[in-house]
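Structure, as structure tokens:
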Amino acid sequence: MQQRDELGYDIAMLTAYARAHGLIEEQDAVWAANRLAEAMGRPDCPLWSGPLDPLPQWPQTLLDRLTDRAAAGGALDTTARRDRFDTELMAALLPRPSEVTARFRALYAESPARATDWFYDFSRASNYIRAERCAKDLHWSVGSPYGEILISVNLSKPEKDPRDIAAARSAPKTAYPACALCRENEGFGGTAASAPRGSHRVIPLELGGETWYLQYSPYVYYNEHCIVLSGEHRPMKTDRSTFVRLLEFVGRFPHYFVGSNADLPIVGGSILSHDHFQGGRAAFPMESAPVTASFRAADFPAVRVDAIRWPLSVLRLSSADPEALAGLADRILGAWRGYSDESLGILAESDGAPHNAVTPIARRKDGRNELDLVLRNNRCTEERPLGLFHPAPSRHHIKKENIGLIEVMGLAVLPSRLSAELAAVEACLTGDRASFYDRPELAPHEAWYRALCARTDVPPEAWGAVLREETGKIFVGCLEDCGVFRNDPAGQAGLARFAQSAGLAPAR
198 MQQRDELGYD
208 IAMLTAYARA
218 HGLIEEQDAV
228 WAANRLAEAM
238 GRPDCPLWSG
248 PLDPLPQWPQ
258 TLLDRLTDRA
268 AAGGALDTTA
278 RRDRFDTELM
288 AALLPRPSEV
298 TARFRALYAE
308 SPARATDWFY
318 DFSRASNYIR
328 AERCAKDLHW
338 SVGSPYGEIL
348 ISVNLSKPEK
358 DPRDIAAARS
368 APKTAYPACA
378 LCRENEGFGG
388 TAASAPRGSH
398 RVIPLELGGE
408 TWYLQYSPYV
418 YYNEHCIVLS
428 GEHRPMKTDR
438 STFVRLLEFV
448 GRFPHYFVGS
458 NADLPIVGGS
468 ILSHDHFQGG
478 RAAFPMESAP
488 VTASFRAADF
498 PAVRVDAIRW
508 PLSVLRLSSA
518 DPEALAGLAD
528 RILGAWRGYS
538 DESLGILAES
548 DGAPHNAVTP
558 IARRKDGRNE
568 LDLVLRNNRC
578 TEERPLGLFH
588 PAPSRHHIKK
598 ENIGLIEVMG
608 LAVLPSRLSA
618 ELAAVEACLT
628 GDRASFYDRP
638 ELAPHEAWYR
648 ALCARTDVPP
658 EAWGAVLREE
668 TGKIFVGCLE
678 DCGVFRNDPA
688 GQAGLARFAQ
698 SAGLAPAR
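Spelled out as structure tokens, the structure:
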């Protein structure tokens with residue numbers, strides 16, 4: 198009977214996992230095991246051929262066992278360093294990019310959904326999407342005047358270790374890859390300042406006559422959260438070609454939506470330096486918002502334009518003709534870029550700096566194309582230095598960051614700090630209430646806490662649910678703060694004036 202070598206056994210478990218998920222073929226198993234043994238510094242480790250324990254759903258526990266062994270010398274003492282090491286272990290078990298693309302295209306010929314199903318499963322099985330980390334995110338929903346709103350607290354992205362921050366600061370500066378979205382990240386080993394991408398794969402697409410790439414987000418804020426990125430490292434820019442590409446994408450992947458962040462700071466996303474979209478297989482609350490007014494453009498009779506009841510100001514264009522849809526969207530964008538309404542605080546520019554932008558979102562619905570144009574403005578004032586149409590300062594204890602594409606659609610992505618802070622607030626409310634003032638990290642919540650303490654209708658066991666509900670209400674307020682035309686008579690009259698300026702007339 199073979200004497201069990203524990204390292205050999207752990208390697209055999211990981212290679213068996215790779216075979217079970219189609220990452221390697223049976224013929225590849227010995228080669229893969231030898232590559233893993235080499236990476237572990239034991240090239241002469243005997244291959245284990247005996248019985249194995251049941252395989253886990255995802256590879257992280259198997260990788261952790263190998264990484265723990267390698268960490269015994271002390272070099273892998275932070276999460277980032279462990280991630281770089283276990284990414285290289287997985288990279289030894291993965292097909293080349295050309296093989297992944299060939300498989301995707303073969304499945305696409307059968308069905309676009311089959312192709313994305315496979316690629317999404319592959320991205321999780323390869324541990325590029327660290328599914329076990331993503332499962333730590335908190336999720337709940339709250340009712341609102343606009344329907345159900347989705348709330349999440351992002352816990353899947355590891356906090357930076359001070360040792361990693363120090364290493365990144367002292368590391369030689371490099372311009373490769375130019376950013377975290379660049380196509381050159383595929384297979385990149387990572388540095389002290391950049392995440393490893395040895396398990397990363399992208400699928401080439403042609404959109405608008407250019408080469409773009411499809412990948413999945415490693416943090417998966419919603420189902421099949423994908424990123425569609427330009428092959429060229431260039432800044433975000435919204436114009437007619439943006440609408441053409443968005444509509445082309447949903448034409449090819451009708452089971453996915455796709456959208457773009459606005460192309461200006463404050464109202465845009467966290468990465469404005471690389472032109473990209475985000476999409477996926479998910480329906481968001483905004484999609485089912487009711488119509489409040491309808492418009493028509495005489496020169497685009499095939500396109501319907503609706504205003505919808507939503508915290509932000511949205512014009513929804515729909516048509517069976519994507520070319521007409523892109524044409525009218527471009528005209529509305531041009532009108533909005535130059536539009537001012539001082540009575541509502543909307544200025545197109547200040548000192549030559551533009552303020553108006555749109556967040557466009559495309560989908561297929563009932564055989565037609567829909568294109569939502571969310572009107573945005575990034576004007577700042579002395580009273581509101583972070584943005585006039587940005588979450589108000591009184592809400593910053595919950596959400597201070599930009600309201601980007603995902604949140605525009607009704608899914609809050611709240612900072613990880615709230616997990617501990619909400620738990621601490623609950624503990625104070627159900628215990629020694631004065632202890633709140635001994636917790637300096639809770640100071641931003643003080644006004645909110647005082648209001649909660651004044652409530653007499655909440656039994657102790659209900660405070661957790663109440664805090665989640667109240668957090669959701671604050672997020673809805675954040676969205677309302679971003680609406681350039683408020684949901685009141687003055688705001689809706691302002692929207693009608695803008696529609697007229699864009700050549701839209703009320704539908705009869």
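Position one of the sequence shown corresponds to residue 198 (the working numbering), numbered consecutively onward.
The C-beta atom is built at its ideal place from N, Cα and C for all residues, glycine as well.
CA-to-CA distance, residue j to residue i, given in whole angstroms
| i | j | result |
| --- | --- | --- |
| Val399 | His218 | 19 Å |
| Tyr430 | Tyr305 | Looking at the sequence shown, residue 430 is not Tyr but His. Their backbone Cα atoms lie some 27 Å apart in a straight line. |
| Gly205 | Glu329 | 24 Å |
| Phe319 | Glu222 | 14 Å |
| Arg576 | His552 | 6 Å |
| Asp361 | Val663 | For Asp361, the predicted structure reports a pLDDT of 48, less than 50, and the residue's modelled location is therefore unreliable. The matter cannot be settled from this model. |
| Gly270 | Gly238 | 12 Å |
| Gly584 | Leu602 | 17 Å |
| Phe695 | Trp409 | 34 Å |
| Asn324 | Glu307 | 26 Å |
| His593 | Ile543 | 22 Å |
| Gly344 | Ser616 | 25 Å |
| Pro498 | Arg705 | 13 Å |
| Pro342 | Gly466 | 26 Å |
| Trp533 | Ala699 | 8 Å |
| Ala480 | Leu692 | 26 Å |
| Ala209 | Gly428 | 38 Å |
| Glu666 | Glu658 | 14 Å |
| Gly395 | Phe282 | 10 Å |
| Gly661 | Ser537 | 44 Å |
| Glu189 | Leu404 | The structure shown has nothing for residue 189, since the chain only spans 198 to 705. |
| Phe474 | Ser457 | 5 Å |
| Glu638 | Ser632 | 12 Å |
| Asp629 | Gly535 | 55 Å |
| Glu421 | Asp207 | 30 Å |
First and last residue of the uninterrupted beta strand (DSSP E) at residue i
| i | result |
| --- | --- |
| Glu556 | Inspection of the sequence shows that residue 556 is occupied by Thr rather than by Glu. Counting along the chain, the beta strand (DSSP E) containing Thr556 begins and ends at Asn553 to Lys562. |
| Tyr410 | Glu407 to Tyr413 |
| Ser427 | Cys423 to Ser427 |
| Gln224 | No beta strand (DSSP E) contains Gln224, which DSSP labels as neither H nor E. |
| Phe454 | Phe454 to Gly456 |
| Leu611 | Leu608 to Leu611 |
| Pro401 | Ile400 to Leu404 |
| Gln475 | His473 to Gly477 |
Proximity of residue i and residue j at Cβ, strictly below 8 Å
| i | j | result |
| --- | --- | --- |
| Glu567 | Arg560 | yes |
| Ile558 | Met606 | yes |
| Leu233 | Ala322 | no |
| His734 | Gly387 | The requested residue 734 does not occur in the structure, where the chain is confined to residues 198 to 705. |
| Val500 | Leu512 | no |
| Val781 | Lys670 | For residue 781 there is no data in the structure shown, the boundaries of the chain being 198 and 705. |
| Leu352 | Asp334 | yes |
| Asp527 | Phe440 | yes |
| Leu701 | Arg493 | yes |
| Val610 | Ala554 | no |
Whole-Å CB distance - residue i paired with residue j, under 8 Å assumed
| i | j | result |
| --- | --- | --- |
| Leu286 | Leu252 | Rounded, the Cβ-Cβ distance is 16 Å, inconsistent with contact. |
| Gln412 | Arg327 | Incorrect: roughly 15 Å between the Cβ atoms, too far for contact. |
| Val715 | Ser510 | Residue 715 cannot be examined here, being either before or after the span of the chain that is shown, 198 to 705. |
| Trp507 | Ala486 | 5 Å |
| Leu608 | Tyr419 | 6 Å |
| Ala213 | Ala229 | So it is not a contact: roughly 10 Å between Cβ atoms. |
Residues sharing a beta bridge with residue i, DSSP
| i | result |
| --- | --- |
| Leu568 | Leu514 and Ala559 |
| Ala504 | Ala490 and Leu512 |
| Asn231 | Paired residues: none, contrary to the question. |
| Glu579 | In the DSSP output, where bridge partners are listed per residue, Glu579 has none listed. |
| Trp149 | Here the chain covers residues 198 to 705 and nothing more, so residue 149 does not appear. |
| Gly531 | None; Gly531 has no bridge partner. |
| Asn574 | Asn553 |
| Glu546 | Pro551 |
| Pro432 | Answer by DSSP bridge pairing: none, since Pro432 is not bridged. |
| Ala312 | For Ala312, which the question treats as bridged, DSSP gives no partner whatsoever. |
| Gly465 | Ala459 |
| Ala236 | DSSP output for Ala236 lists no bridge partner at all. |
For residue i, the first and last residue of its enclosing alpha helix (DSSP H)
| i | result |
| --- | --- |
| Ala446 | As written in the sequence, residue 446 is Phe, which differs from the Ala given in the question. From DSSP, the alpha helix (DSSP H) with Phe446 extends over Arg437 to Arg449. |
| Gln689 | Pro686 to Ser698 |
| Ile600 | Taken as a continuous stretch (DSSP letters only), Ile600 belongs to no alpha helix (DSSP H), as it is neither H nor E. |
| Arg279 | Thr276 to Ala288 |
| Gln257 | Gln257 to Ala267 |
| Cys625 | Arg614 to Thr627 |
| Thr388 | First-last for Thr388: undefined, no H or E at that position. |
| Tyr646 | Glu643 to Cys650 |
| Ile208 | Glu203 to Ala217 |
Residue i: CB within 7 Å of a non-hydrogen atom of the ligand SAM
| i | result |
| --- | --- |
| Trp409 | Ligands in the displayed structure: none, and consequently the ligand SAM is not present. |
Residue-chain proximity (residue i, chain B), Cβ-Cβ < 8 Å
| i | result |
| --- | --- |
| Pro703 | You won't find chain B in this structure, because it holds only one protein chain. |
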